[in-house]
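Participant: Right, I'll just put the structure down here and ask away after.
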Amino acid sequence: MFQGMPPTQKITLLGVRALTAVFQRVFHFGKEGTDGDKSMKALLGGKGSNLAEMSRIGLSVPPGFTITTETCQEYNGLGKQLPKGLMEDVMAGVKRIEKQMDMKFGDEGSPLLVSVRSGAAVSMPGMMDTVLNLGLNDKVVEGLAKRASKRFAYDSYRRLLDMFGDVVLGINHNLFEEQLEELKESKGVSTDNELNEDDLKELIAKYKQVYLNCGKEFPEDPNKQLELAIRAVFDSWDSERAKAYREINQIHGLLGTAVTVQSMVFGNLGATSGTGVLFSRNPSTGENKLYGEYLINAQGEDVVAGIRTPSAISTLEREMPQAYKSLLDNVDKLERHYMDMQDIEFTIQDQKLFMLQCRNGKRTGPAAVKIAVDMFKEGLITKDQAIMMVESGHLDQLLHPQFEDQNKYKARVIGKGLPASPGAAVGQVVFSPEDAEAFKAQGGAAILVRADTTPEDVGGMHASEGILTQRGGMTSHAAVVARGWGKTCVCGCLEMKVDDKKKIFTLGGKTFKEGDWISLNGNTGEVIEGKEPLSPPTISGDLSTFMSWVDERRKLKVFTNADTPEDAAEARRNGAEGIGLVRTEHMFFASDDRLKAVRQMIMAENVEKRKVALMKLLPFQRADFEGIFTAMDGHTVTIRLLDPPLHEFLPNGEMKDVCQMMANELGIDVAAVNDKINKLHETNPMLGLRGCRLGIVHPEISEMQARAIFEAALNVKAKGIKPVVDIMVPLVGSVTELENQAKLIRSTAETVFTERGSRVEYKVGTMIEIPRAALLAGEVAKVAEFFSFGTNDLTQMTFGFSRDDVGSFLPTYLANGILVSDPFQVLDRKGVGQLIKTAIENGRATRKDLKCGICGEHGGEPSSIEFVSGAGMDYVSCSPFRVPIARLAAAQAEIKKGKH
1 MFQGMPPTQK ITLLGVRALT AVFQRVFHFG KEGTDGDKSM KALLGGKGSN
51 LAEMSRIGLS VPPGFTITTE TCQEYNGLGK QLPKGLMEDV MAGVKRIEKQ
101 MDMKFGDEGS PLLVSVRSGA AVSMPGMMDT VLNLGLNDKV VEGLAKRASK
151 RFAYDSYRRL LDMFGDVVLG INHNLFEEQL EELKESKGVS TDNELNEDDL
201 KELIAKYKQV YLNCGKEFPE DPNKQLELAI RAVFDSWDSE RAKAYREINQ
251 IHGLLGTAVT VQSMVFGNLG ATSGTGVLFS RNPSTGENKL YGEYLINAQG
301 EDVVAGIRTP SAISTLEREM PQAYKSLLDN VDKLERHYMD MQDIEFTIQD
351 QKLFMLQCRN GKRTGPAAVK IAVDMFKEGL ITKDQAIMMV ESGHLDQLLH
401 PQFEDQNKYK ARVIGKGLPA SPGAAVGQVV FSPEDAEAFK AQGGAAILVR
451 ADTTPEDVGG MHASEGILTQ RGGMTSHAAV VARGWGKTCV CGCLEMKVDD
501 KKKIFTLGGK TFKEGDWISL NGNTGEVIEG KEPLSPPTIS GDLSTFMSWV
551 DERRKLKVFT NADTPEDAAE ARRNGAEGIG LVRTEHMFFA SDDRLKAVRQ
601 MIMAENVEKR KVALMKLLPF QRADFEGIFT AMDGHTVTIR LLDPPLHEFL
651 PNGEMKDVCQ MMANELGIDV AAVNDKINKL HETNPMLGLR GCRLGIVHPE
701 ISEMQARAIF EAALNVKAKG IKPVVDIMVP LVGSVTELEN QAKLIRSTAE
751 TVFTERGSRV EYKVGTMIEI PRAALLAGEV AKVAEFFSFG TNDLTQMTFG
801 FSRDDVGSFL PTYLANGILV SDPFQVLDRK GVGQLIKTAI ENGRATRKDL
851 KCGICGEHGG EPSSIEFVSG AGMDYVSCSP FRVPIARLAA AQAEIKKGKH
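Counted from 1, the sequence shown has number 503 at position 503 by UniProt numbering; the numbering is strictly sequential.
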């Protein structure tokens, strides 16, 4: 039955209406691109387009066809109804497969079985549904048994009943699993492949009873099976797990999932057959060596589901040397064709290799950098391609801490599993995804402990610091998803016993309950009792080499937001070229003495008393500025004058308690405190007395801060350090406001310079965060020597959204497509972006050498960096730990410019 398949099968691609047009486009993939034809991927999904490409370059691919993502969109638009004529097109595709395979779908004499698989344009591993072995029924299975073997036929049928019931009819998979476990126990076997043909026939009867108990019926008509399976795969696009995955990974704007219908090839035909998943390079470390697993006498779902622990791919050479050699050849051809590390699924049927899927493999941060560096050194890719291969999330992983000393905790190692995803994780044990999410919502750190994970667990996996499973291998669901997110994961810890009901697990002779602390070493697979100290990461080795390439390519400078000398030093270690934002108000919270002086200033009855309090703050500010100038020797330091409303410096609590606390602290009357706080009350403080308005109403505040800045600059200059001073006036809405504060700053500077007999160069600029300032930037630039765009407030005021309250409606906006992304995370190009472009253009029309940068949260977000790079910014500023990410994004923006 299964002999004589041609070595190369051509995929027939089936569109909604235009089969021929879609078929022709299969052969239009670019030979030199690393991602193939992106329009084809959008139409056919990653799986469909890659199957077509594998077929085109001569690999052994079972024949099939792909229903487009447009069809899924149409299906959803029709209220979950298949478009008219679709099933006729599908059956025409089946006829093509029948002709190529010389088999008949639903025929007892020469039965063709097919799989129905999902595949979106963006990889979403395990999030959508698949059905295998379609075409079997009570009669066809007997025909299959005669052509192949009874055990194989019944094994395939029981798998179809399980998968079809779960995926298509919504019957809980555990109901089938319970029957399987009971049967194995009664037969005295531990694995399903030890069940004989009679056992499997008995299991089929039990599975059918599960259908009846649930009020369901398995359709005997293979054509009906196919139609229902296609519907189910389309429906899985909107499953809770798929939506959660897209939300977590910010995947927006896709049409839906494609559906690939493909002839089955069988890894469960016996000892000369098998199935596996592999990566062309190690996805955890990047080592140039095959990394994967396989199972003999199994189907693909057995490997990724983690139900059986598979064998390492290296042992396949001994088991099936010819198939292994073919696999090596195919892997090499795919990696050279796609110029990237590949994630591959394969099946071996009677010693013959078939390639079922390939895609650019998900990898950890360390692996991503090593693969990019190695592939360049191997001559497979250019430096630009290497830079584009690494994602911002990869660098984010590399900047996470590791354990301080692995030797110290050896005595507390309680067990060891497979090192499925590297890094270090410390947290409290939880046993359900819901508990993990609750822990995170409360600010806690959780380690999710499971027998094995399923796609339904993705929310809890993402909320966890790390994942520990009893079953599953290096390519199980838990491992693949964890690696994609950079979550530390230890899988296949077989000595561990998990009891979800009692919420305990036992390992190393000890029992752990919910809330107990454990630590995971994803590099070694070690499970450690208790909390293990972590140490910060370093930029060295391959990462240092890679970042040197990044810096060669980018033009945009990368500054940091830093409020302390320690933050500044950390940012410099991460490659920051200056400070784009020092928030002076953060310095006031550094000690009780500082906070007490601020509160004394707030409570002051007149200017004289206010100045007394300010003189107490002056030495604190000056010392902090000296430390920052020293850390940034020779690099720009942009200091923003006091910005927030004064009430933010008051203690929280009931009014009565606050007044009493302040009175005791400052030695004044409670009534006076109460009266002053009442006067400070504002209905909308974010639009009240803050920013430059504070300095205009209370000029002594701006004067003190300016004096502290200039005295600090002169002090470090005397020590041989070069201060580069930019002073930023916040919340300006008109040029007259800036003129007021600039005059005060410059007057203070001259006073200090005269007193000290020395000078420093400095600039006075403003933060553009009010739409009016952006629109009148030409006027503002007459005074401002630089613009720093505060995109947090600029977004808030442009949208009319409160940053503090947007959470009450933003999820609904995103779910319904009213907004495609959170504008406080990803810069709004149409509105806020238009204001930025207008401000830069008009500002530079007035002042040609106007320096422009961004210091809001968007300064560390890659797509926002790409936009501001194109808008003509000189620099972006972000948190110290995001500096490498911003450097990478700036380089990638330049590379993309060159492609347009």
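Note that beta-carbon positions come from the ideal geometry of N, C-alpha and C, so glycine has one too.
Everything numeric in this text was worked out from a predicted model, so none of it was measured.
#1: If you check the beta carbons only, do A420 and G515 fall under 8 Å apart?
#2: Rank V752, V732 and F789 by C-alpha distance to the C-alpha of V783 and give the top, closest one.
#3: What does the Cβ neighbour count give for Q322, buried or exposed, with the cut at 16 atoms within 10 Å?
#4: How many Å lie between I836 and F799 at the Cα?
#5: Look up G109 in the DSSP assignment and give the residues it is bridged to.
#6: Given that a residue counts as buried once 16 or more other Cβ atoms are within 10 Å of its Cβ, and exposed if not, what is E437?
#7: Here's the rule I'm using: 16 or more other beta-carbon atoms within 10 Å means buried, otherwise exposed. How should G856 be labelled?
#8: Give me the Cα-Cα distance between L689 and A774, rounded to the nearest whole angstrom.
#9: Considering only the beta carbon of each residue, do residue 933 and P219 sit closer than 8 Å?
#10: What are the start and end residues of the beta strand (DSSP E) that includes E737?
#11: What is the DSSP secondary structure of I387, reduced to helix, strand or coil?
#12: Hey, could you find the ends of the alpha helix (DSSP H) T315 is sitting in?
#13: According to the Cβ coordinates, are E769 and L744 closer than 8 Å?
#14: Just to confirm, are E529 and R412 a CB contact at a threshold of 8 Å?
#15: Under the three-state reduction of DSSP, which class applies to T364: helix, strand or coil?
#16: Which residue or residues does DSSP assign as beta-bridge partners of Y294?
#17: Mapping DSSP to helix, strand and coil, what is G165?
#18: With DSSP as the reference, identify every bridge partner of S535, one or two as the case may be.
#19: So what does A436 bridge to, in DSSP terms?
#20: Quick one: give me the first and last residue of the alpha helix (DSSP H) that Q209 is part of.
#21: Is Q349 closer than 8 Å to M320 when the C-beta atoms are compared?
#22: How many whole angstroms separate the CB atoms of L888 and L395, which I take to be in contact at a CB cut-off of 8 Å?
#23: Could you check which residue in T846, T754, G833 and Q741 has the C-alpha nearest to that of A781?
#24: Do you know whose CA, among G417, V481 and G872, lies nearest Q470's CA?
#25: Straight-line CA distance for A712 to V612?
#26: Does the distance from the C-beta atom of I865 to that of D384 stay below 8 Å?
#27: Based on DSSP bridge pairs, tell me the residues matched to C855.
#28: Pairs of beta-carbons, one from the segment 367 to 381 and one from the segment 492 to 503, closer than 8 Å: are there three or more?
#29: Give the straight-line distance between the Cα atoms of G361 and F279, rounded to the nearest whole angstrom.
#30: Could you spell out the range, first to last residue, of the beta strand (DSSP E) harbouring E345?
#31: What does a CB cutoff of less than 6 Å around V883 pick up in its chain, not counting 5 residues either side in sequence?
#32: In its own chain, which residues sit with a C-beta less than 6 Å from the C-beta of K897, not counting the 5 before and 5 after it?
#33: My output table needs one value for Y409: the three-state DSSP class, helix, strand or coil.
#34: In its own chain, which residues sit with a C-beta less than 7 Å from the C-beta of H858, not counting the 5 before and 5 after it?
#35: Please report the straight-line C-alpha distance between L51 and P63, rounded to a whole angstrom.
#36: Which residue wins for smallest C-alpha separation from C878, given the options A42, G580 and A298?
Facilitator: According to the structure data:
#1: No, the Cβ-Cβ distance between A420 and G515 is not below 8 Å.
#2: Selected option, being the one with the closest Cα: V732.
#3: Exposed.
#4: Looking at the two C-alpha atoms, the distance is approximately 14 Å.
#5: According to DSSP, which records beta bridges pairwise, G109 is partnered with nothing at all.
#6: Buried: at least 16 other Cβ atoms inside 10 Å.
#7: G856 comes out buried.
#8: Answer to the nearest angstrom: the Cα atoms are 21 Å apart.
#9: What the structure shows of the chain is the stretch from 1 to 900, and residue 933 is not part of that stretch, so it cannot be assessed.
#10: For E737, there is no enclosing beta strand (DSSP E); the residue is found in the alpha helix (DSSP H) stretching over V735 to R756.
#11: The three-state reading of DSSP puts I387 in helix, counting H, G and I together.
#12: From DSSP, T315 is part of no alpha helix (DSSP H); its letter is neither H nor E.
#13: Remark: C-beta atoms of E769 and L744 do not approach each other more closely than 8 Å.
#14: For E529 and R412, yes; Cβs fall inside 8 Å.
#15: T364: coil per DSSP, three-state reduction.
#16: DSSP, once it has assigned bridges, lists G276 and S311 as partnering Y294.
#17: DSSP, reduced to helix, strand and coil, places G165 within a helical segment of the structure shown.
#18: In DSSP, S535 forms a bridge with Q402.
#19: Its beta-bridge partners do not exist; DSSP assigns none.
#20: Q209 -> alpha helix (DSSP H) spans E197 to N213.
#21: Not a contact, by the Cβ cut-off of 8 Å.
#22: With 8 Å as the limit, L888 and L395 qualify as a contact, their Cβ atoms being about 6 Å apart.
#23: Scanning T846, T754, G833 and Q741 for the CA closest to the CA of A781 turns up T846.
#24: Its Cα nearest to that of Q470, the residue G417 stands out among G417, V481 and G872.
#25: Rounded to whole angstroms, A712 to V612 spans 20 Å at the Cα level.
#26: No.
#27: None; C855 has no bridge partner.
#28: Contact between the segment 367 to 381 and the segment 492 to 503 is absent: fewer than three C-beta pairs spanning the two stretches fall below 8 Å.
#29: Take the alpha-carbon of G361 and the one of F279: they are about 7 Å apart.
#30: Element bounds for E345: Q342 to Q349.
#31: Only V558, T560, A571, N574, G575 and A576 meet the Cβ criterion.
#32: Cβ within range, chain order: n/a, list empty.
#33: Coil, per DSSP.
#34: Closer than 7 Å at Cβ, skipping near neighbours: T791, L827 and S864.
#35: Whole-angstrom Cα-Cα distance: 9 Å.
#36: Ranking A42, G580 and A298 by Cα distance to C878 puts G580 first.
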